[in-house]
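> What follows is a structure written as structure tokens; I'll ask about it next.
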Amino acid sequence: MLENILKEYPRQEDYLIEVLLEYQKQKADRHIGEDEIRRIAEHLGVTESKVWSVITFYTFFSTRPRGENIIQICKDVPCYLNDGNTVQRTLEQLLGVQVGDTTKNQKFTLEHTSCLGHCDGAPAIRINDKTYTNLSVDKLKAIISEYRGNT
Ligand code: FES
Numbered sequence: 138m139l140e141n142i143l144k145e146y147p148r149q150e151d152y153l154i155e156v157l158l159e160y161q162k163q164k165a166d167r168h169i170g171e172d173e174i175r176r177i178a179e180h181l182g183v184t185e186s187k188v189w190s191v192i193t194f195y196t197f198f199s200t201r202p203r204g205e206n207i208i209q210i211c212k213d214v215p216c217y218l219n220d221g222n223t224v225q226r227t228l229e230q231l232l233g234v235q236v237g238d239t240t241k242n243q244k245f246t247l248e249h250t251s252c253l254g255h256c257d258g259a260p261a262i263r264i265n266d267k268t269y270t271n272l273s274v275d276k277l278k279a280i281i282s283e284y285r286g287n288t
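Quick look at the structure:
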């Protein structure tokens, strides 16, 4: 799969983020491993440390295998001040895992992220590509139950 994606991109550093996004999106466990980092670096003519630095800078990339649904809790100040801790506590209780972990059934991974660009609706989370705002405990319960049932 990686080779097919790499074939689509010129051998230039400019395409690093696009390649990483495309590859991670297609991988079932949504992470980029060490061998893949080496292969991507080789193809684009950049150092492996450059690829690592991009992956670790952006919170939407991961070097650890993740679940089917990636829940990212915003930890920036506006969300924090609008009861962001309750959001985290509630999600950890509902899913039975701590931030950084994946549920045993591989259905959910819980992570932190920086600002999602929805500060006016703080507190906010993102699940995969969708952002949820103005969260309450009841709203979180409804969201999680929807993902448990419909995905
Ligand atoms: S601080 Fe949370 S969305 Fe901006």
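Following my numbering, the numbering of the sequence shown begins with 138 at its first residue and continues without gaps.
Note that CB positions come from ideal geometry on N, CA and C, so glycine has one too.
Note that the structure is a prediction, hence the values are computed from the model and not measured.
1. Take Asn-206 and list the residues in its own chain whose beta-carbon comes closer than 8 Å to its own, dropping the five residues that flank it on each side.
2. Buried or exposed: Thr-200, going by 16 or more other Cβ atoms within 10 Å of its Cβ?
3. Given a threshold of 16 other Cβ atoms within 10 Å of its Cβ, counted over all protein chains shown, does Val-224 qualify as buried or as exposed?
4. Assess contact between the stretch 143–161 and the stretch 184–197, defined as three or more Cβ pairs (one per stretch) separated by less than 8 Å. Is contact present?
5. For Asn-222, which of helix, strand or coil comes out of DSSP?
6. May I ask you to check if the CB of Leu-253 is nearer than 6 Å to at least one heavy atom of the ligand FES?
7. Is Ala-178 near the ligand FES - that is, is its Cβ less than 6 Å away from at least one heavy atom of it?
8. Could you round the C-beta distance between Asn-271 and Gly-258 to whole angstroms and report it? I think they count as a contact, below 8 Å.
9. Assuming Ile-281 and Ile-210 are in contact, meaning their beta carbons sit under 8 Å apart, how far apart are those beta carbons, in whole angstroms?
Walking through what the data contain:
1. Lys-244, Phe-245, Thr-246, Ile-264, Asn-265, Tyr-284 and Thr-288
2. The residue is exposed, with fewer than 16 neighbouring Cβ atoms inside 10 Å.
3. buried
4. Contact between the stretch 143–161 and the stretch 184–197 is present, because at least three Cβ pairs lie under 8 Å.
5. helix
6. yes
7. no
8. Contact flag correct, Cβ pair sits at about 5 Å.
9. Not really, about 13 Å apart at Cβ, beyond 8 Å.
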